[in-house]
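Residue 122 in UniProt numbering is what sits at position 122 of the sequence shown, and the numbering runs on without skipping anything.
Idealized CB from N, CA, C, for every residue including glycine.
This structure is a prediction, so every number in the text was calculated from the model and none was measured.
One structure is given below, encoded as structure tokens.
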Amino acid sequence: MSEKSSSSGSEEDVDPESGQPVELGGVLSKWTNYIHGWQDRWVVLKNNTLSYYKSEDEREYGCRGSLCLSKAVITPHEFDECRFDISVNDSVWYLRAEDPEHRLQWIESIELHKAESGYGSETSLRRHGSMLSLTSAASALSATSTSSFKKGHRLREKLAEMETFRDILCRQVDTLQKYFDSCADVSKDEFQRDRVVEEDEEEFPTRPDAGEYNHNNNGSKEKLFSPASPKGMNGIDFKGEAITFKATTAGILSTLSHCIELMVKREDSWQKRLDKFHKLHTEMLLFSNILSLTKLLLSVPQCQSEKVRIPRLTPVPPGDAYSTIGTHRFATKVEEMVQNHMTYSLQDMGGDANWQLVIEEGEMKVYRREVEENGIVLDPLKATHSVKGVTGHEVCHYFWDTDVRLDWETTIENFNVVESLSDNAVIVYQTHKRVWPASQRDVLYLSAIRKILATNENDPDTWLVCNFSVEHDKALPTNRCVRAKINVAMICQTLVSPPEGDKEISRDNILCKITYVANVNPGGWAPASVLRAVAKREYPKFLKRFTSYVQDKTAGKPILF
């Protein structure tokens, strides 16, 4: 866990010519995941961005991750004097320096880059012309604004320029307001003076200069300013201020136009990248399917007659058994369901107006979208929850394992496994307890457990159990029960907080984020208000009961990642 200063970065100063913080690079220990733990990475601090590489020699191949420091929060660890954490929204980097002195140097350098990021700081405004005076000529302001409209300037610089214009405009508005207030005061004084003159005009005839002078206490006369004069009240050059105000607003409009142009270009660029990513994703899925088919064909031995082929699963290591795509007759359907849940079920509900938050209890939130078809309530439900001390593998294991189903499920009357498709997929038939006066329900579904490997070392692996209705000759619908249709998924991710020093990971360091989605067609009519009231009450109770069961079962046992 060492840290070395880069030859390109000085101690902690700012470049005297550009006014920008210098680049800082060195080796820091970064927490990768719970399997590999702390790993040395080459970290570079440059241009308000923190990037890391596997080593200094691999810089030419591109960084493995980066963080923009504009909104970053740097938190020194409370007990580990060498460690500090950097968080931006939901992304957190855990870093360790060689000693407390190097940690302090990195924190100070990062804070310096944040302060000089260009978003409204004093030095940034000064570099972009914020020191323009209130009485600057219109030509100087126009030259300053138009000189920055070069195509090479970035959006960040244009935003800093808008900050400058805002300050100048506010000061000009204050100046003009003082002028108008002075005009109002003079007009009021003249009105009162004219009224006195009208009342006593017989005794005091009007003089030609009556409106131009005012008598002081010492008997001398003082010249009044006229609003129409070149120099207004308090010596304010109204004409010059008006010209400058007009130039400032013109500069703002031009800068806004340029910002819009830059954002449109950036949007087009990101759209092209997104299209390229979708194309690459489709090609990878196709390649994965071809690879799975190839493995299946290679694992099928020829019989002596060479006419009949007996399918046989490819042996896989125990640790990878749950991350492979199955080869049974429902394998394609399972993969389709898994991909749909990974794509849509993990989306945030905050910006979707179709989902209503119906329950919020601590870490648990339950959402509902009201859907009815032919009078049948088909409301999809989605719940999010966080549970300490358990892993996603453990939660999904107990949710999928039929041997412990009756230990936590209270609505089932009886069930049996109709067919075992593979080590991680079964077909289950179960009947639910009757709720009078409704008819009894049964359901026939395929239950599969999968492990989705993360594509980035900073992301956790995802465990998923999906249950969806199928048909089977051994469990045909009967008149005794109404057949319900389901599409349910339990999706879990394990978040690990690095332990202090060289301590081993304990259950105090792990947190499981759970997303539970359920789409149920009850298969018959029932009062909508009753169904929704029961769902609103039972889903939170089910999640609490099940997660408490998993915590009790795993307490004191080795962690199952």
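Boundaries of the beta strand (DSSP E) in which residue i is found, first to last residue
i: Leu406; result: Element bounds for Leu406: not the beta strand (DSSP E) but the alpha helix (DSSP H), 405-408.
i: Trp463; result: 462-469
i: Asn416; result: 412-422
i: Lys30; result: 24-33
i: Asn521; result: 510-521
i: residue 578; result: A query on residue 578 cannot be resolved here, the shown segment of the chain reaching from 1 to 561 and no further.
i: Gln347; result: Taken as a continuous stretch (DSSP letters only), Gln347 belongs to no beta strand (DSSP E), as it is neither H nor E.
i: Ser87; result: 83-88
i: Ile359; result: 356-361
Whole-angstrom distance between residue j and residue i, CA atom to CA atom
i: Val520; j: Gly556; result: 36 Å
i: Ile505; j: Arg450; result: 24 Å
i: Tyr322; j: Leu453; result: 10 Å
i: Ala250; j: Lys114; result: 31 Å
i: Lys188; j: Tyr179; result: 14 Å
i: Ser51; j: Asp459; result: 17 Å
i: Val186; j: Leu176; result: 15 Å
i: Leu141; j: Ile252; result: Because the pLDDT of Leu141 is 39, which lies under 50, any placement of that residue in the model is unreliable, and the number read from its coordinates should be weighed accordingly. Whole-angstrom Cα-Cα distance: 11 Å.
i: Asp268; j: Ala184; result: 53 Å
i: Leu495; j: Phe415; result: 34 Å
i: Glu360; j: Leu45; result: 41 Å
i: Val366; j: Ser254; result: 48 Å
i: Leu406; j: Phe546; result: 11 Å
i: His385; j: Phe399; result: 15 Å
i: Ser55; j: Val27; result: 8 Å
i: Arg171; j: Cys259; result: 24 Å
i: Tyr549; j: Leu286; result: 40 Å
i: Gly392; j: Gln440; result: 33 Å
i: Ile168; j: Arg64; result: 42 Å
i: Pro100; j: Thr455; result: 33 Å
i: Arg537; j: Pro76; result: 43 Å
i: Arg507; j: Thr554; result: 10 Å
i: Asp57; j: Gln39; result: 16 Å
i: Lys541; j: Ile376; result: 24 Å
i: Met490; j: Leu543; result: 11 Å
Exposed unless 16 or more other CB atoms sit within 10 angstroms - verdict on residue i
i: Phe165; result: buried
i: Gly25; result: buried
i: Lys30; result: buried
i: Val73; result: exposed
i: Gly524; result: exposed
i: His36; result: exposed
i: His281; result: exposed
i: Ala533; result: exposed
i: Val488; result: buried
i: Val173; result: exposed
Supposed contact pair residue j and residue i - C-beta distance, whole angstroms, cut 8 Å
i: Leu560; j: Glu363; result: Actually they do not touch by this definition, with Cβ atoms about 22 Å apart.
i: Leu421; j: Gly326; result: 7 Å
i: Ser497; j: Asn467; result: Not quite, the Cβ-Cβ distance comes to about 31 Å (not below 8 Å), so this is no contact.
i: Arg368; j: Leu378; result: Incorrect: roughly 11 Å between the Cβ atoms, too far for contact.
i: Asp85; j: Trp93; result: 7 Å
i: Val417; j: Val428; result: 6 Å
i: Gln551; j: Val387; result: 7 Å
i: Lys433; j: Glu409; result: That pair is no contact at about 10 Å.
i: Ala425; j: His328; result: 6 Å
i: Met263; j: Leu155; result: 7 Å
i: Asn89; j: Ser70; result: Contact doesn't hold; Cβ gap of about 12 Å is too wide.
Coil, strand or helix - residue i by DSSP
i: Glu222; result: Confidence at Glu222 is low in this model, with a pLDDT of 43, below 50, so its placement is unreliable and the value that follows should be read with caution. Correct three-state label for Glu222: strand.
i: Phe245; result: helix
i: Ile168; result: helix
i: Lys536; result: helix
i: Gln271; result: helix
i: Asp379; result: coil
i: Trp38; result: strand
i: Val264; result: helix
i: Trp93; result: strand
i: Asp99; result: coil
i: Val173; result: helix
i: Met490; result: strand
i: Gly524; result: coil
i: Glu56; result: helix
i: Ala184; result: helix
i: Lys279; result: helix
i: Lys451; result: strand
Run of the alpha helix (DSSP H) containing residue i, from where it starts to where it stops
i: Phe71; result: The sequence shown places Lys at residue 71, not Phe. Element bounds for Lys71: n/a, residue is neither H nor E.
i: Arg368; result: Note, Arg368: premise wrong, no alpha helix (DSSP H); beta strand (DSSP E) at 364-368.
i: Gln440; result: Gln440 -> no alpha helix (DSSP H), and no H or E assigned at all.
i: Val395; result: 392-400
i: Gln339; result: 331-340
Check: residue i C-beta below 7 Å from any heavy atom of the ligand GTP
i: Cys183; result: Only the bare structure without any ligand can be found here, which leaves the ligand GTP out of the picture.
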